[in-house]
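Data first, discussion second: the structure below is written as structure tokens.
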Amino acid sequence: MRGDTAMAGPIEIENLTIGYDRHPAIHHVSLMIGRGSLTAVVGPNGAGKSTLLKGLVGRLRPMEGRIRFRGVGDDGIAYLPQQADIDRQFPLSVIDFVAMGLWRRIGLFGAVTRADRARVADALAAVGLSGFERRGIATLSGGQVQRMLFARTLLQDAGLILLDEPLTAIDTKTAADLLDLIRRWHGEQRTVVTVLHDLDQVRGHFPETVLLAREVIAHGATADVLTARNLLRARQMCEAFDDRAEVCDRSSDRPAA
Amino acid sequence: MIWDLVIDPFVAFGFMRRALVGCLAIALGGTPVGVFLVLRRMSLTGDAIAHAILPGAAVGYLVAGLSVGAMTVGGLVAGLTVGLLAGFVTRATVLREDASLAGFYLTSLALGVLLVSMRGGSVDLMHVLLGNVLALDDQAMVLLAGIATVTLVALAVAYRPLVVDSVDPEYLRTVSRTGARVHYLLLTLAVINLVAGFHALGTLMAVGIMIVPATAARFWHRDLAGILVMAVAIAVAASLTGLLLSFHFGLPSGPAIILCAGGAFVLSLAVGPHGSLLARRVHRRHLRA
């Protein structure tokens, strides 16, 4: 199910600084993420991984620098948030939640057609949630919620897919199934950027990695990035970072580390 | 017997019919808004806005007496100002929305009480605080019906983004620019329905018919459509019962209506089929077996 917008990328990030309350969470990030690439974003807690994704999806405005999407508009981006951002107590069925993925197709008022319902059913089947259509989202386990989020992302049919910790706190079977889906998107030439914690998963499945610690420590082939030296440096950088620091004045032409 | 107790008061007395129609209008418009407030964990926001309306209504009252128009405009201006200011302060400073709303509404409430005390007597204050559903005039009836209509149309139009914004606001903001607007729309609907409500039930009780049936309905249905219908049904039943109790026993009508809704709430949380005390007990026994 490739859409017209699937020819996303590359994404050019230039000297990007993003933060909260005027205090930068990531700064001077320059990256080039290739079209159709499968990239893991890793780094210690508080390294700014989610901030980078929120910047890419347009939820946080850059304080400095810019992001350019070559060949993809806003409508070509699918974003899978962390589970904590979702109100799971809301009285909504699984099928209605997943149907949110049709938003760009049906918008505010559009009717859900029979073809749309078939798409939703296909997406649910693809994540192994057939039969869960009428279940309330409050009754799902963490792994099932993650499957549901993937079904919605699948329906969005976007060229650029951003996943924020999609494999955290779920069982190994679910993680394996969802990794298969990520690989399927990669096979369909979609650009996938995923925040991950488990370095073994990254080494096993992700060809490219960005190591982040408020700024880019390394970016490239996963084996070259995830060295003991880089990981130690990332940890030290995060520990040394001052959360209340103001935006620093560093020229934009300085290359990322 | 049933005719005498239930039907006759409405057949015999025009003010009872008007009161019932007014309450139905408030139930149809205000209660669905209340359901969304409750589901978005903004139950107390309704309460805060209801208090914030007071100085506006008081100014209208002091300027033009018991004029529906003046009190409505005053209430709307005060309610919207406090709602929007609180939203702005939340985005512009470190304060969370509940705290900034509390700051503004308490200030607003004090101003309202001050104004009424300076210029009017305690009877005036009681009128603004408690309303009088048995004295709704034509103008007030048209206003209540109009606000109910506008609210239902607005909810129908914004239903989809409202639901998405309640469950996964981050998602809505990535696929559409309606996110923040939906929040302000809901606040605006809350304000106009509270203004409608205070004509009948007063600023203190108006929020009751909005929120109490919504909290009760959660125990009866798992899906949003069911909760919405149930909440309106509870609000209508409470209005009818409250009005009859007030008629037969000479009770003040506003508090009687909200007390009936409160009774439905207590009953629902005790024996409702979903998540009530009884339902949880049965569920635990089932798990043990």
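Protein sequences, first through last, are from chains U and F.
Under our numbering, think of the first position of the first sequence as 1, with each following residue one higher.
Under our numbering, think of the first position of the second sequence as 258, with each following residue one higher.
Ideal Cβ positions, reconstructed from N, Cα and C, are used throughout, including at glycine.
#1: How would you call His540 (chain F), buried or exposed, if buried means at least 16 neighbouring beta carbons within 10 angstroms?
#2: Along chain F, in chain order, which residues have C-beta atoms closer than 9 Å to that of Gly294 (chain U)?
#3: Can the beta-carbon of Phe293 (chain F) be found closer than 8 Å to that of Leu443 (chain F)?
#4: One question on the structure: do Ala453 (chain F) and Ile515 (chain F) come within less than 8 Å of each other, judged by their Cβ atoms?
#5: Using a Cβ-Cβ cutoff of less than 7 Å, which residues in the same chain neighbour Ala492 (chain F) once the five nearest sequence positions on both sides are dropped?
#6: Confirm, please, whether the CB-CB distance from Val98 (chain U) to Leu155 (chain U) is below 8 Å.
#7: Is there a C-beta anywhere in chain U that falls below 8 Å from the one on Thr431 (chain F)?
#8: Measure the C-alpha to C-alpha separation of Asp75 (chain U) and Leu38 (chain U) and round it to an integer number of angstroms.
#9: Near Leu535 (chain F), which residues of its chain fall below 7 Å by C-beta distance, leaving aside the five closest residues on each side in sequence?
#10: Would you call the stretch 386-406 of chain F and the stretch 44-63 of chain U in contact, with 3 or more CB pairs under 8 Å?
#11: Spell out a yes or no on whether the stretch 78-85 of chain U and the stretch 154-171 of chain U are touching, meaning 3 or more CB-CB pairs, one atom from each, closer than 8 Å.
#12: Determine the extent of the alpha helix (DSSP H) in which Val351 (chain F) is found, giving its start and end residues.
#13: Looking at C-beta atoms only, is the number of pairs between the stretch 474-490 of chain F and the stretch 324-333 of chain F that lie closer than 8 Å three or more?
#14: How should Ala169 (chain U) be labelled, buried or exposed, when 16 other C-beta atoms within 10 angstroms of its C-beta is the threshold for buried?
#15: CB-CB under 8 Å to Leu429 (chain F), same chain, minus the five flanking residues each way: which ones, in chain order?
#16: How is the beta strand (DSSP E) around Ala169 (chain U) delimited, first residue to last?
#17: When you compare only the Cα positions, how much space is there between Gly110 (chain U) and Ala457 (chain F)?
#18: Tell me where the beta strand (DSSP E) around Phe69 (chain U) begins and ends.
#19: Per DSSP, what kind of secondary structure is Ile95 (chain U) in: helix, strand or coil?
#20: With a 10 Å radius around its C-beta and 16 neighbouring C-beta atoms as the bar for buried, classify Ala343 (chain F) as buried or exposed.
#21: Considering only DSSP beta bridges, list what Pro24 (chain U) is partnered with.
#22: Kindly confirm or deny that the stretch 194-202 of chain U and the stretch 28-36 of chain U touch, where touching means at least three C-beta pairs closer than 8 Å.
#23: Distance check for Phe522 (chain F) and Trp260 (chain F), CA to CA, integer angstroms please.
#24: Between Pro81 (chain U) and chain F, is the shortest Cβ-Cβ distance under 8 Å, so that the two count as touching?
#25: Closest by CA to Thr406 (chain F), which one among F:His308, F:Val424 and F:Asn450?
#26: Among residues of its own chain, excluding the 5 on either side of Asp265 (chain F), which ones have a beta-carbon nearer than 7 Å to its beta-carbon?
#27: Does the count of Cβ pairs from the stretch 58-67 of chain U and the stretch 225-233 of chain U closer than 8 Å reach three?
#28: Does chain A have any CB closer than 8 Å to the CB of Glu354 (chain F)?
#29: Which runs of the alpha helix (DSSP H) at least 4 residues long sit entirely within the stretch 175-218 of chain U? Give them in chain order.
#30: Is Gly279 (chain F) near Ala315 (chain F), with beta carbons less than 8 Å apart?
#31: From Gln189 (chain U) to Ser300 (chain F), what distance separates their C-alpha atoms?
#32: DSSP three-state label for Ala47 (chain U), please.
#33: What's the C-alpha gap between Leu181 (chain U) and Ala175 (chain U)?
#34: Compute the distance between the beta-carbons of Glu427 (chain F) and Arg152 (chain U), then report whether it is under 8 Å.
With the given structure in hand:
#1: exposed
#2: Because residue 294 (chain U) is not part of the residues shown, which for chain U are 1 to 257, the question remains open.
#3: yes
#4: No, the Cβ-Cβ distance between Ala453 (chain F) and Ile515 (chain F) is not below 8 Å.
#5: Ala284, Thr288, Ile466, Pro470 and Ala518
#6: yes
#7: yes
#8: Low confidence applies to Asp75 (chain U): its pLDDT is 47, below 50, so where it sits in the model is not reliable, and the reading given next is rough at best. Roughly 20 Å separates the two Cα atoms.
#9: The residues are Ala527 and Val528.
#10: Not touching, per the Cβ criterion.
#11: Yes, the stretch 78-85 of chain U touches the stretch 154-171 of chain U.
#12: Per DSSP, Val351 (chain F) belongs to no alpha helix (DSSP H) and is neither H nor E.
#13: no
#14: exposed
#15: Pro418, Val421, Asp422, Thr435, Gly436 and Val439
#16: Segment: none, Ala169 (chain U) is in no beta strand (DSSP E) and carries neither H nor E.
#17: In this structure, the alpha-carbon of Gly110 (chain U) lies about 38 Å from that of Ala457 (chain F).
#18: Glu64 to Phe69
#19: Reduced to three states, the DSSP call for Ile95 (chain U) is helix.
#20: buried
#21: BP columns for Pro24 (chain U) point to U:Gly19.
#22: no
#23: 27 Å
#24: yes
#25: Nearest C-alpha to Thr406 (chain F): F:Asn450.
#26: Taken in chain order, the list of residues that qualify is empty.
#27: no
#28: Considering every chain present, this structure includes no chain A. Its protein chains are U and F.
#29: List check, alpha helix (DSSP H) in window: 199-205.
#30: no
#31: Cα to Cα, the separation comes out at about 46 Å.
#32: Ala47 (chain U): coil per DSSP, three-state reduction.
#33: 10 Å
#34: Going by C-beta atoms, Glu427 (chain F) is not nearer than 8 Å to Arg152 (chain U).
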